[in-house]
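**Student:** Same order as they appear, the protein sequences are chains C and Y.
Read in my numbering, the first sequence has 302 at position 74, and its numbers run on one by one without any break.
Read in my numbering, the second sequence has 916 at position 24, and its numbers run on one by one without any break.
Just so it is clear, CB atoms sit at the ideal spot from N, CA and C, and this is done for glycine as well.
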Amino acid sequence: GAVVSQHPSRVICKSGTSVKIECRSLDFQATTMFWYRQFPKKSLMLMATSNEGSKATYEQGVEKDKFLINHASLTLSTLTVTSAHPEDSSFYICSAQTPGQGVNQPQHFGDGTRLSIL
Amino acid sequence: AQSVAQPEDQVNVAEGNPLTVKCTYSVSGNPYLFWYVQYPNRGLQFLLKYITGDNLVKGSYGFEAEFNKSQTSFHLKKPSALVSDSALYFCAVRDGGKLIFGQGTELSVKP
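#1: Please identify, using Cβ separations under 9 Å, the residues of the region 960 to 992 of chain Y that lie next to chain C, in order along the chain.
#2: State the Cα-Cα distance for the pair Y/Asn922 and Y/Leu911, rounded to the nearest angstrom.
#3: Rounded C-beta distance between Y/Tyr931 and Y/Ala979? I'm assuming under 8 Å.
#4: Taking only beta-carbon positions, decide if Y/Asn904 is within less than 8 Å of chain C.
#5: Could you give the DSSP three-state label for C/Ser233: helix, strand or coil?
#6: Hey, does Y/Gly935 have any beta-carbon neighbour from chain C nearer than 8 Å?
#7: What are the complete beta strand (DSSP E) segments, minimum 3 residues, inside the region 919 to 973 of chain Y?
#8: Rounded to the nearest angstrom, how far is the Cβ of C/Cys322 from that of C/Cys241, given a contact under 8 Å?
#9: Can you tell me whether C/Gly340 is buried or exposed? The criterion is at least 16 other CB atoms within 10 Å of its CB, across all chains shown.
#10: What residues of chain C sit near Y/Gly996, judged by a beta carbon separation below 8 Å?
#11: Name the DSSP bridge partner or partners of Y/Lys914?
#12: Please classify C/Glu315: does DSSP put it in a helix, a strand, or coil?
#13: Below 8 Å on C-beta distance, what does Y/Lys941 contact in chain C?
#14: Whole angstroms are fine: how far does the CA of Y/Thr997 sit from the CA of C/Arg238?
#15: Using 8 Å as the limit for Cβ to Cβ distance, is C/Asp255 near chain Y?
#16: By DSSP, does Y/Asn909 sit in helix, in strand, or in coil?
#17: State the Cα-Cα distance for the pair Y/Lys969 and Y/Cys915, rounded to the nearest angstrom.
#18: C/Thr306 CB to nearest chain Y CB: under 8 Å?
#19: Please report the straight-line C-alpha distance between C/Pro334 and Y/Leu991, rounded to a whole angstrom.
#20: Starting from Y/Ser895 and walking both ways along the beta strand (DSSP E), at which residues does that stretch end?
#21: Do Y/Gln898 and Y/Cys983 have their beta-carbon atoms positioned less than 8 Å apart in this structure?
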């Protein structure tokens, strides 16, 4: 149980393109999802917390107009990197919080999206 | 603010030997601690958690972790390492609704 699917797994596109990444909880409803960015062999940097039916909460230093997050249903959150540039190239990972018991529950992660901007 | 530290960037172990991946924490209040593993080009997989109760926590794939309050540590252990255990390991602490991750430790198990 608690499977999170992330799509696409890899995307290569030209500078200036907008890219949408989807994160789905397949067998549970997730009121909260998280978006992370990871540089090679480095830790995960939390970008934002996505809440179903409300605006995302962005971490300090993350441009909300650059990284658009939509969490329109209990099983889907999307991250759109708008007008992507080479410095946006990275590994983006989403996670979803299983419901119930709050802090006692682990987050479950998608397999990540490797974004390469040429 | 809650934080965790993983003092070793890399740990090298021979197959069949015991392994330890270190983690120390700094929290206000009760710590909620987690270990995750990441294989190349994949997301993170949950291994185990400490919320309360027994200091020795058993998790997936034969891993366990020992919570030590006096040393503020939560080291990950396994009695006999496998080559397939080679991966990047992250310790994490809950901070409100968020997870705060350590820097990660790359575990290399050689045959």
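**Tutor:** In terms of the structure at hand:
#1: Leu980, Phe982, Ala984, Arg986, Gly988, Gly989, Lys990, Leu991 and Ile992
#2: 27 Å
#3: 5 Å
#4: no
#5: strand
#6: yes
#7: 925 to 930, 936 to 942, 948 to 950, 956 to 960 and 965 to 970
#8: With 8 Å as the limit, C/Cys322 and C/Cys241 do not qualify as a contact, their Cβ atoms being about 19 Å apart.
#9: buried
#10: Lys269, Lys270 and Ser271
#11: In DSSP, Y/Lys914 forms no bridge with anything.
#12: helix
#13: Asn332 and Pro334
#14: 25 Å
#15: no
#16: coil
#17: 11 Å
#18: no
#19: 9 Å
#20: Ser895 to Ala897
#21: yes
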